[in-house]
Amino acid sequence: MSENRQSSGLSPVNLDTIETHDYDVVVVGAGGAGLRAAIAASEGTARVAVISKSLLGKAHTVMAEGGVAASLGNVDSDDSWDTHFYDTMKSGHFINQYRTAEIFAKEVPDRVLELETWGAVFDRTPAGKIMQRPFGAHSFRRLAHIGDRTGKELIRTLQYKVIHQNVDIFQEVTTTRLLTDEEGRIAGLFGYYREDGHFVVFRAKAIVLATGGFGKAYKVTSNSWESTGDGAALAFRIGAELMDIEMVQFHPTGMVWPPGVRGLLVTEGVRGEGGLLYNSKHERFMLRYDPVQQELSSRDVVARSIFKENQAERGTPHGGAWLDISHLPATMVKAKLPGMYEQFLSLADVDITREAFEVAPTTHYVMGGIRVDPETEATNVPGLYAAGEVACGLHGANRLGGNSLGDILVFGRRAGMAALAYAQSVDYPTLIPAQIEEEVRRVLAPFSRQDGERPYHMMSELQEIMTTYAGIVRSGESLAAGLEHLELLRLRAERMAVQGSRAYNPGWHTVFDVESLILLGEAVIRGALARKESRGAQWRTDYPEELPEMGKVNFVQTWADGHVVVREEPVEPMPEHLAKLFESDQAPGVVRQAARKANQGGGS
Amino acid sequence: MSEEMVLSVFRGDQTGGREEEFHVPLETGMVVLDALHYIQAEHAPDLAVRWNCKAAHCGSCSAEINGRPKLLCKTRLDQYEGQVVHVRPMHAFPLIKDLVTDVSSNYRAAKQIPAFSPRTPAPFTMYQRDVDRVQEFHQCIECFLCQDTCHVLRDHNARDRYFGPRMMAKIAEWEMHPMDTQDRREFLKDVAGLPMCNVTRCCVEVCPEHIVITDNAIIPLKERVADLYWDPIRAIFRRFQRSSTSSQPSSTVTS
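Note that the protein sequences, when read in sequence, are chains B and A. The numbering of the first sequence is my numbering, which starts it at 44 and goes up by one. The numbering of the second sequence is my numbering, which starts it at 2 and goes up by one.
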């Protein structure tokens, strides 16, 4: 199967020899959203496949730590969907799609309980229910968790569920192109097996993209190598719309030292369990930036606060802040944060039960993504669906901790169901051979280039550009400079060259990652330039205020004739019964709680 | 601190291979995976190594470092100062290329395990003390280092007859779940090959999550199977019950 055809970029393409499969629904991505979509799509007799560029169970979901947010009310009985909805919209600075947030808040408790039915074992309350912990900017203790390894619990549960379903799983297959038919509808996809580099075509009636985000566009990131935005780039190139792509979340607490672990996530659960942030003068600086929520303010606020402390030269030796949980009993820290304890001990020689440790903001999540319908996760390309981090709508300008694990469950399921319904309503599409021929040549081209650019070096240069010019702090000037650098890099990247054979060749794999990231990097910068204000994760020094008129628009991007085009779309206004929730400056559940307590007080 | 480390990395595939030496500048806190990334970027762009999270959460970067099964992302380089660091693929799995092996046998085994099947749908009432022991198995990152070190798989190449420590922990996780209704004892004995484990505890030693697989998963499972098949009183009952059939349990423990 594996042939070392270094020069075959120039030889004629024989389509008959390419391995081909037919499926009703193909899910690209095997993280939480993809697996949940596959489970939903395989409820009937449809032919369903999952394609994953890693091994099963290794996707980025496994990295999620703190928990999944759901208003189960097991710890705080006043919690309810409307309070979760309120918190989500408020932290998203109201450019979220209200309907997406409404569906999410209403459905996520059922999705969490469903995981329990499938074998997930969350930590328990004394009454034997699922335990819930506090997290930044959630009004109540809301995050169901298992220690600080909740993502692992999710992916493992879904992974073992899916292998017992009627789903075919293709591991370590990279998708390089989505295929369309004559009418522009989804027809399938083209990819290759990483193991030996042989090509594969999937003909599919419907495709669900669940490929995650693109945190790898930045130098300091909590994301694994996989987060290269493949799905968003693949969809964008065939005409799908991106939205609010400038909204990149910088998590306030990543590891800082030693250099090899810089960016590695330190769960918000540390602060949820009582961890406190200090600057070099041993001041709890969050008391100044957000006296009410303090350490548990929203991520955009905490990340900016740490950044500002460093600007004011009150940072730690390696440019961060001190996070301290050593005032809590060591046994409790080890029980609730076992991963953090182990991670710092083995990688940084720090015992977090005894001393404070350095943290600094790290690229964590992309709120923006493919524009989808809130009910079905359908994109504007017929037959194409998107769910999870690759999609846009739930989080607005800032994501709440714990909302992404809920997102992938709720909308993974909905995307799978909608893709199945669509697949049942159409015949198998007709592939266009020219698309496949063109892709074979494009994918093989790096092998035939002599003395070209090295993919790994292109990757680090891209990360340097995005970090310097379009990072946590931006301005019109920095963004314009970033765009120029990126354009030069894009031209050089056209000459990327690869050594060796097609068999498990990471240099070759990196070529496609770099191409996706350059495209999305441009989209981030163009979106950030268009949004002339500061809102949530977007912090522009030349427009430091959040502007009411900008709160009424989403920025939608399309790819036309090789150019990114940005346009404004009005944010869908909330219906009256939901808008009313925001008339008080307190969340609905908090108001109810106060009323209940007043009643109890009056009655006693 | 020395300026430079020497890594001797296996390069090759099913047709053969050998170790190649690379010089890597040492940085504070560097792990072996960092060194391999340096080698990819500067010397050998096609060096195959599987990795994802680089935080010991995903269990992708399993390999053998100076003969010990370890995660590349969790193994600090400074502990080997003054030595050549030999990096080789996991021995118990078929080689694909360089440090990447074919671990698909694990997924084929996993598919055969009778799934968790609760008495009722959630919400369950379960207390922390009741779930502590199964939560231990939930810590598994599926790095398969336990499979790599297990002599049944490693030295006797018996992947088709014994599912290995990882899968025993998975089965234990479901068997010991307070709400589970499945009986996997026959499966454990006849399909999963539980009797082939002779409790040498090597898997416990290499587990990066410190799961006590042998004592907490395998031995209790063996006891459950023994209760069913080798309890003398039950055996007499069974003889009466099955006197008309020919399917007598006749397995012996293979070591």
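A virtual CB, placed ideally from N, CA and C, is assigned to each residue, including glycine.
Buried or exposed (CB count within 10 angstroms, at least 16 for buried), B:Arg583: By the neighbour-count criterion, in which 16 or more other beta carbons inside 10 Å mark a residue as buried, B:Arg583 falls on the buried side.
Residue-chain proximity (B:Leu366, chain A), Cβ-Cβ < 8 Å: Answer no: the Cβ-Cβ gap between B:Leu366 and chain A never drops below 8 Å.
Segment limits, beta strand (DSSP E) that includes B:Arg220: For B:Arg220, the enclosing beta strand (DSSP E) begins and ends at Val216 to Thr223.
A:Phe125 at chain B interface by Cβ criterion, 8 Å: Taking Cβ atoms only, chain B reaches closer than 8 Å to A:Phe125, which makes this a yes.
Closest by C-alpha distance to B:Glu612, when choosing among B:Pro404, B:Gly194 and B:Gly436: The shortest Cα separation from B:Glu612 among B:Pro404, B:Gly194 and B:Gly436 belongs to B:Gly436.
Bounding residues of the alpha helix (DSSP H) (the contiguous stretch that carries B:Ile479): Counting along the chain, B:Ile479 sits inside the alpha helix (DSSP H) bounded by residues Pro476 to Ser491.
Neighbour-count burial assignment, B:Gln493, 16 or more Cβ in a 10 Å radius: It counts as exposed.
The stretch 236-244 of chain B / the stretch 13-27 of chain A touching (three or more Cβ pairs under 8 Å): With fewer than three CB-CB distances shorter than 8 Å, the stretch 236-244 of chain B does not count as touching the stretch 13-27 of chain A.
Beta carbon proximity, A:Phe117 to chain B, threshold 8 Å: The C-beta of A:Phe117 comes closer than 8 Å to at least one C-beta of chain B.
First through last residue of the alpha helix (DSSP H) which encompasses B:His620: For B:His620, the enclosing alpha helix (DSSP H) begins and ends at Glu619 to Ala622.
Interface residues of chain A facing B:Lys172 [CB-CB closer than 8 Å]: Close partners of B:Lys172 in chain A (Cβ separation under 8 Å): Pro124 and Thr126.
Where the alpha helix (DSSP H) through B:Tyr141 begins and ends: The continuous alpha helix (DSSP H) containing B:Tyr141 extends over residues Tyr141 to Thr160.
Spatial distance of B:Arg48 from B:Lys96 (CA atoms): The pLDDT assigned to B:Arg48 is 38, lower than 50, so where the model puts this residue is not dependable; a value taken from the coordinates is nonetheless given after this. So the two alpha carbons sit approximately 22 Å from each other.
Backbone CA spacing between A:Arg202 and A:Asp131 [nearest angstrom]: Using only the alpha carbons, I get a separation of about 25 Å.
When B:Arg535, B:Met286, B:Phe555 and B:Tyr471 are compared against B:Glu482, the one with the closest alpha-carbon: Ranking B:Arg535, B:Met286, B:Phe555 and B:Tyr471 by Cα distance to B:Glu482 puts B:Phe555 first.
Whole runs of the beta strand (DSSP E) within the stretch 65-153 of chain B, excluding any shorter than 3 residues: For the stretch 65-153 of chain B, whole beta strand (DSSP E) runs of length 3 or above, ordered along the chain, are 91-94.
Interface flag, A:Val132 vs chain B, CB-CB below 8 Å: It does: the Cβ of A:Val132 has a partner Cβ on chain B nearer than 8 Å.
Neighbour list for A:His157 in chain B, Cβ cutoff strictly below 9 Å: Identification of chain B residues near A:His157 by a Cβ-Cβ cut-off of 9 Å yields none; the smallest Cβ-Cβ distance measures about 25 Å.
Residues from the stretch 27-52 of chain A in contact with chain B, defined by Cβ distance under 9 Å: Identification of residues in the stretch 27-52 of chain A having a C-beta nearer than 9 Å to some C-beta of chain B yields Glu28, Thr29, Gly30, Met31, Val32, Leu34, Asp35, His38, Gln41, Ala42, Glu43, Ala45, Pro46, Asp47, Leu48, Ala49, Val50, Arg51 and Trp52, given in sequence order.
Touching by the beta-carbon criterion (3+ pairs, under 8 Å), the stretch 246-255 of chain B and the stretch 211-229 of chain B: Three or more Cβ pairs closer than 8 Å define a contact, and the stretch 246-255 of chain B meets that threshold against the stretch 211-229 of chain B.
Straight-line Cα distance separating B:Ile82 from B:Glu62: Between the alpha carbons of B:Glu62 and B:Ile82 lies a distance of about 25 Å.
Below-8 Å beta-carbon distance, A:Tyr108 vs any chain B residue: Yes, its Cβ sits closer than 8 Å to a Cβ of chain B.
Option in B:Gln354, B:His127 and B:Ala80 with minimal Cα separation from B:Leu621: The candidate whose alpha carbon is nearest that of B:Leu621 is B:His127.
Interface partners of A:Ile172 on chain B, CB under 8 Å: The premise fails here: A:Ile172 is roughly 11 Å from chain B at the closest Cβ pair, so nothing lies under 8 Å.
For B:Thr510 and B:Gly495, the rounded distance between their alpha carbons: The straight-line gap separating the alpha-carbon atoms of B:Gly495 and B:Thr510 is approximately 25 Å.
Distance, B:Gly445 Cα to B:Pro404 Cα: Inter-residue distance for B:Pro404 and B:Gly445 is about 18 Å (C-alpha atoms, whole angstroms).
Sequence-distant residues of its chain with Cβ nearer than 7 Å to B:Tyr547 (five each side left out): The answer, listed in chain order, is Arg237 and Glu238.
Which of helix, strand or coil DSSP assigns to B:Ile281: Three-state DSSP puts B:Ile281 in coil, outside helix and strand.
Residue ranges of each alpha helix (DSSP H) within the stretch 565-624 of chain B, 4 or longer: For the stretch 565-624 of chain B, the continuous alpha helix (DSSP H) assignments of 4+ residues that do not extend past its boundaries occur at 619-622, in sequence order.
Where the beta strand (DSSP E) containing A:Arg69 begins and where it ends: Element bounds for A:Arg69: Arg69 to Leu72.
Neighbouring residues, chain A, relative to B:Asp166 (Cβ below 9 Å): Going along chain A in sequence order, the residues near B:Asp166 (Cβ under 9 Å) are Gln129, Val132 and Gln136.
Alpha-carbon to alpha-carbon, B:Val567 and B:Ala276: The straight-line gap from Cα to Cα measures roughly 12 Å.
Chain-ordered residues of the stretch 139-165 of chain A with a beta carbon less than 9 Å from chain B: From the stretch 139-165 of chain A, only His139, Gln140, Cys141, Ile142 and Glu143 have a Cβ closer than 9 Å to chain B.
Beta-carbon neighbours of A:Ser61, restricted to chain B and to distances below 8 Å: The answer, in chain order, is Ser97, Leu98 and Lys101.
Span separating the alpha-carbon of B:Asp122 from that of B:Gly116: Between B:Asp122 and B:Gly116, the C-alpha separation is close to 5 Å.
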